[in-house]
Amino acid sequence: MIKVNYFARLRELTGKGEESLERESMTVAELLDWAEETYPGFGADNVQVAVNEEYALKDDVIKSGDVCAFIPPVSGG
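In this note's numbering, each residue carries its 1-based index in the sequence shown increased by 4.
Structure follows, in structure tokens:
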């Protein structure tokens, strides 16, 4: 199982702060595709992913037991 955390506007879009996926493994790119398909308007092209509190690349593999966080772009002045 892979745990996923949502922050800021992504928390509002999904209506939840976290959820678990019944997957043994997937790449970061596959996770972003899943999020975009599950939550239209997710904006996967502009979201960073952290796996176990470290920024991840799109071809990095996420394994069961990992904790992922979607980090939306930060704006402000």
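Glycine included, C-beta positions come from ideal geometry on N, C-alpha and C.
Report yes if the CB atom of residue i is closer than 8 Å to the CB atom of residue j, and no otherwise.
| i | j | result |
| --- | --- | --- |
| C72 | A48 | no |
| L17 | Y43 | yes |
Return the chain-ordered list of same chain residues with a C-beta closer than 8 Å to the C-beta of residue i, the five sequence neighbours on each side being excluded.
| i | result |
| --- | --- |
| L61 | V32 |
Measure how close the beta-carbons of residue i and residue j come, nearest whole angstrom, since I'm counting them as under 8 Å.
| i | j | result |
| --- | --- | --- |
| I75 | V51 | 7 Å |
Once DSSP output is grouped into helix, strand and coil, what is the label at residue i?
| i | result |
| --- | --- |
| A73 | strand |
| E41 | helix |
| L61 | coil |
Within the same chain, show all residues whose beta-carbon is closer than 7 Å to that of residue i, passing over the 5 residues directly before and after it, in chain order.
| i | result |
| --- | --- |
| Y59 | Q52 |
Who are the near neighbours of residue i in its chain, counting only those whose CB is closer than 6 Å to its CB and skipping five residues on each side?
| i | result |
| --- | --- |
| V8 | E23 and C72 |
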